[in-house]
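S.K.:
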Amino acid sequence: MARLARIAVFPIKSLDPVACDTARIVENGGLEHDREYAMVDADDRYINGKRTPKVHRIRSTFDPGFSAVTLHREDVGGAERFDLETDRESAESWLSSQFDPPVQLKRETAGGFPDDTTLSGPTLISTGTLREVASWFPDIGVEELRLRLRANLEIDGVPPFWEDRLFADHDHLVAFEIGDVLFEGINPCQRCVVPTRDPHTGEAHDEFQRVFVEKREEMLPEWTDSDRFDHFFRLMLNTQVPESAWGAELAVGDEVEILGERPVEERSESA
Numbered sequence: 001m002a003r004l005a006r007i008a009v010f011p012i013k014s015l016d017p018v019a020c021d022t023a024r025i026v027e028n029g030g031l032e033h034d035r036e037y038a039m040v041d042a043d044d045r046y047i048n049g050k051r052t053p054k055v056h057r058i059r060s061t062f063d064p065g066f067s068a069v070t071l072h073r074e075d076v077g078g079a080e081r082f083d084l085e086t087d088r089e090s091a092e093s094w095l096s097s098q099f100d101p102p103v104q105l106k107r108e109t110a111g112g113f114p115d116d117t118t119l120s121g122p123t124l125i126s127t128g129t130l131r132e133v134a135s136w137f138p139d140i141g142v143e144e145l146r147l148r149l150r151a152n153l154e155i156d157g158v159p160p161f162w163e164d165r166l167f168a169d170h171d172h173l174v175a176f177e178i179g180d181v182l183f184e185g186i187n188p189c190q191r192c193v194v195p196t197r198d199p200h201t202g203e204a205h206d207e208f209q210r211v212f213v214e215k216r217e218e219m220l221p222e223w224t225d226s227d228r229f230d231h232f233f234r235l236m237l238n239t240q241v242p243e244s245a246w247g248a249e250l251a252v253g254d255e256v257e258i259l260g261e262r263p264v265e266e267r268s269e270s271a
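According to the working numbering, the sequence shown holds residues 1 to 271 in order.
As structure tokens, this is what we get:
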């Protein structure tokens with residue numbers, strides 16, 4: 001039986017995840033506190049893993065309620081705690097010492113700062129997929145792969161690449177429910193440079209993309225619509241959440257039910 005096994009939010013975009021037992025869907029269809037803050041430069045450009053491997057050296061942990069963050073570098077030590085409600089400038093100063101150019105922390109509580117502002121719902125992968133892909137790399141375990149791929153939702157009780165059932169061709173979406181929350185599966189996520197790097201050091205794995213692409217194509221399941229793959233560096237599901245589901249809550253242990261394909265113009269909230 002497919003069930004929700006893990007929920008992860010990334011309160012500061014590009015930094016560490018926080019595992020949650022429950023999560024609320026907020027405006028724009030994202031998870032509450034996910035990518036709520038983003039590091040940007042003076043030109044409002046993200047300072048993230050796509051731009052610099054330096055982000056991987058920074059560890060972040062959050063107080064309950066996400067009002068304060070503790071930051072440190074594994075190779076330096078000296079953790080410091082910052083109140084994001086009352087003293088965000090001090091956190092910006094600490095982060096600025098790690099990067100060039102200096103950092104500003106922007107905040108957006110209505111859906112955060114997703115990579116894809118159109119497909120702004122939680123990203124989803126299965127535990128089976130993580131185990132299978134980790135087996136392709138002798139030096140990478142499942143937990144490290146989680147940190148490399150950075151999915152919000154993880155589904156257990158299903159075979160590897162089961163999440164490929166949750167997208168269809170370009171003219172259709174796949175409606176599914178996790179608990180009482182309605183989702184629309186849209187496409188397989190196009191990966192960037194981030195999964196190719198060690199999530200703790202930023203060191204590049206020179207063979208990661210080559211091995212990944214070869215194995216992904218080789219092991220593409222029969223249920224996967226191969227027309228959605230202009231290349232095979234794709235893994236994880238991009239979703240949308242209909243406005244009718246904003247405010248609903250997910251919980252670890254919720255069952256997952258596939259409702260079926262629908263034309264893109266039909267949209268799930270009209271069903």
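C-beta: ideal position from N, C-alpha, C; glycine also.
Predicted model only: the values in this text are computed from it and were never measured.
Which residues bound the alpha helix (DSSP H) around F10?
M.R.: Unbroken run through F10: none, as it is neither H nor E.
S.K.: What is the DSSP secondary structure of K50, reduced to helix, strand or coil?
M.R.: If DSSP states are grouped into helix, strand and coil, K50 belongs with coil.
S.K.: Count the other CB atoms, across all protein chains shown, that sit within 10 Å of the CB of G253; report buried if there are 16 or more and exposed otherwise.
M.R.: Counting Cβ neighbours within 10 Å, G253 comes out exposed, since fewer than 16 surround it.
S.K.: Taking DSSP's pairing of strands, which residues face S60 in a bridge?
M.R.: L71, per the DSSP bridge assignment.
S.K.: What are the complete alpha helix (DSSP H) segments, minimum 4 residues, inside the segment 66-144?
M.R.: Counting whole runs of 4 or more residues, the segment 66-144 contains the alpha helix (DSSP H) stretches 88-96 and 127-134.
S.K.: Name the residue from V181, L149 and L182 whose alpha carbon lies nearest to the alpha carbon of F233.
M.R.: Considering only alpha carbons, the answer is L149.
S.K.: Tell me the rounded alpha-carbon separation between S270 and P11.
M.R.: Since pLDDT at S270 reaches only 39, below the 50 mark, its modelled position is unreliable, and no value is offered.
S.K.: Is the distance from the Cβ of A245 to the Cβ of I25 below 8 Å?
M.R.: Contact flag set, yes.
S.K.: Excluding the 5 residues flanking R191 on each side, which residues of the same chain have their C-beta closer than 7 Å to its C-beta?
M.R.: Only F233, R234 and L235 meet the Cβ criterion.
S.K.: Can you find the residues in the same chain that come closer than 7 Å, C-beta to C-beta, to V142, ignoring five residues on each side of it along the sequence?
M.R.: Excluding sequence neighbours, V142 sits near L130, R131 and A134.
S.K.: Which residue spans inside the segment 11-40 form an unbroken beta strand (DSSP E) run of at least 3?
M.R.: Whole beta strand (DSSP E) segments, 3+ residues: 18-20, 22-24 and 37-40.
S.K.: Which residues mark the beginning and the end of the beta strand (DSSP E) in which E154 is found?
M.R.: That run of the beta strand (DSSP E) goes L153 to D156.
S.K.: Drop a sphere of 10 angstroms on the beta-carbon of D169, count the other beta-carbons inside from all chains shown, and report buried for 16 or more, exposed for fewer.
M.R.: Counting Cβ neighbours within 10 Å, D169 comes out exposed, since fewer than 16 surround it.
S.K.: Three-state secondary structure (DSSP) at A271?
M.R.: Legend: pLDDT at A271 = 37, less than 50; position of this residue unreliable, no value from coordinates given.
S.K.: Between V103, W223 and D230, which has its C-alpha nearest I47's C-alpha?
M.R.: For I47, the nearest C-alpha among the options comes from V103.
S.K.: Considering only the alpha carbon of each residue, which of S67, I186, T196 and L84 lies closest to F208?
M.R.: For the residues S67, I186, T196 and L84, the minimum Cα distance to F208 belongs to T196.
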